Amino acid sequence: MEDCEEEINPLNSFVQYSQFDADPDMDSSNEYCDGEVTKLLMYPKFKTFCYKFTRNLTGISQQIYTTGDNKKCQFLNYWIYYELIKNGFHNNNDNTFIYDVINSIRLLWTQYNYYNNCNFQNYKISVSDFNIMKDLQDYSENHSIIKGKISLKDKNCKNYYCSYIKKIVQLYRKIVTQCSSTDSKQYCSVLNEIQLSKGPDNLYDEFDCSSGYSEVSSEQLEQFAGSKFEYSFTFGDTDVYLSEDTSVDSSSNTGLK
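If you read the sequence shown in UniProt numbering, its first letter stands for residue 1, the second for the next number, and so on.
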């Protein structure tokens, strides 16, 4: 992927998630995280996550205060739930401990949202549905930048872009019918936005992907797109719900538009 490195960096959502995921300074003291860790000793991955999360929220709150742009608050919320999934903070049987983790996040949010300008979104949503929503939202955010790469001459770069767009096309086609019959799924609002002017089928044609390209491996695509595309295409009935707590303030204007 080295030949395409410069073409990957401008993808806004992937760059943002990468920044959020940077290693935290575990040697510095974090009183509130350390306090929550003692309540969640059975989840050893929580401490590293907490140090990342509090650093990120502090920075985002400051940036919003300075620039007035709260878009990164949405990215932060997506990153948090993606981390909950990645770190296994859910129980497929009775979903008991996820509430403990969510509750700790809520408590920490009040301490590190210094300017009270970024709200925590309580997505009462399954793991599968969340990944669908995130992948669609990431695509929507990156559409204009990806569209600007259509003139790329490098075949290796085309392989990556076409492989990514194809995954989105597959996802898009699977849920269009579902959302046309019911809009109860949270990701349908993102789909509606994409349908207006960002159809992945059109982008696939504009990239001339149908003329042929070499599909990259799943590992390469994850490195390029920041997604494994695993849960996104799962529509079973065994999805674990991320949270049953409905008391979290979800009225922020940083939610999906």
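All residues carry an ideal CB built from backbone N, CA and C; glycine is no exception.
Just so it is clear, the structure is predicted and the values come from calculations on it, not from any experiment.
Other residues of its chain near residue i: CB distance less than 6 angstroms, five sequence neighbours each side excluded
i: Y139; result: I168
i: D94; result: For D94, the pLDDT reaches just 44, beneath the cut-off of 50, and the residue's location in the model is therefore unreliable, leaving the point undetermined.
i: I85; result: V127
Same chain, Cβ closer than 8 angstroms to residue i, neighbours up to 5 away in sequence not counted
i: K39; result: D100 and S104
i: N30; result: C50, Y51 and T54
i: F46; result: E36, V37, L40, N87, F89, V101 and S104
Whole-Å CB distance - residue i paired with residue j, under 8 angstroms assumed
i: F14; j: G226; result: 4 angstroms
i: Y115; j: Y65; result: 4 angstroms
i: L57; j: W109; result: 7 angstroms
i: V176; j: M133; result: Between M133 and V176 the Cβ distance is about 15 angstroms, and since that is not below 8 angstroms, they are no contact.
i: N70; j: C118; result: 6 angstroms
i: W79; j: Y17; result: 5 angstroms
i: F207; j: I150; result: 6 angstroms
Cβ-based burial, residue i [other Cβ within 10 Å; buried from 16]
i: I146; result: buried
i: D129; result: buried
i: P44; result: exposed
i: K153; result: exposed
i: E36; result: buried
i: Q195; result: exposed
i: Q62; result: exposed
i: N202; result: exposed
i: I125; result: buried
i: T182; result: exposed
i: D27; result: exposed
i: T54; result: buried
i: L107; result: exposed
i: N192; result: exposed
i: D135; result: buried
Neighbourhood of residue i by C-beta distance below 7 angstroms, restricted to the same chain and skipping five residues each side
i: E141; result: N12 and S13
i: S214; result: N159
i: E83; result: F49
Range of the contiguous alpha helix (DSSP H) that encloses residue i
i: N103; result: F97 to Y112
i: Y51; result: F46 to T67
i: P24; result: Taken as a continuous stretch (DSSP letters only), P24 belongs to no alpha helix (DSSP H), as it is neither H nor E.
i: T192; result: The displayed chain sequence assigns Asn, not Thr, to residue 192. First-last of the alpha helix (DSSP H) with N192: C188 to S197.
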